[in-house]
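Throughout the sequence shown, residue numbering follows our numbering, covering 2 to 94 in sequence. Glycine included, each C-beta is placed from N, C-alpha and C at the ideal position. Below you'll find the structure, written out as structure tokens, and then a few comments.
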Amino acid sequence: MITHFMHDGKLACGREGDLTSTTLLKKVKCRNCRNTEVFKQARRDQRNAARRASRSASTAHSAIAWRAGWSKQLAELKGPQRLPRGFGNQPFV
């Protein structure tokens, strides 16, 4: 059975009638719907949103990992080594 792409209450390919339709991009089987500009733009938007989400999640995680690693490295140094500003309220490690 062919599944069409529904956008703003209408089918992207322009057909009318009681046809199976969805807004999920992966389930669309109609070639005409998949070749429309509306479908291509929706797919582009979904892909870009996924990239942005993965990029922001990995950036925040790496910043925390870097900070923890650096403070661990300074704690292992011998002598009265000072922590840089922003690493805590400790005067010495």
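In whole angstroms, what is the alpha-carbon distance linking residue i and residue j?
{"i": "Val94", "j": "Ser72", "result": "Here the model assigns Val94 a pLDDT of 48, short of 50, so the residue's position is not dependable and the matter cannot be decided."}
{"i": "Gln74", "j": "Ala66", "result": "12 Å"}
{"i": "Cys34", "j": "Gly70", "result": "51 Å"}
{"i": "Phe6", "j": "Arg53", "result": "25 Å"}
{"i": "Gly10", "j": "Arg16", "result": "12 Å"}
{"i": "Glu77", "j": "Lys41", "result": "54 Å"}
Over the uninterrupted alpha helix (DSSP H) stretch that includes residue i, give me the two end residues.
{"i": "Arg35", "result": "32-35"}
Can you give the beta carbon distance from residue i to residue j, rounded, assuming they're within the 8 Å contact cut?
{"i": "Leu26", "j": "Gln47", "result": "6 Å"}
{"i": "Thr23", "j": "Val29", "result": "7 Å"}
Excluding sequence positions up to five away, which residues of its chain have a Cβ less than 7 Å from the Cβ of residue i?
{"i": "Val39", "result": "His8, Ala13"}
Keeping to the same chain, check which residues put their C-beta closer than 6 Å to that of residue i; ignore five residues upstream and five downstream.
{"i": "Arg44", "result": "Leu26"}
{"i": "Ile3", "result": "Lys30, Cys31"}
State the start and end residues of the unbroken beta strand (DSSP E) segment that holds residue i.
{"i": "Met7", "result": "5-8"}
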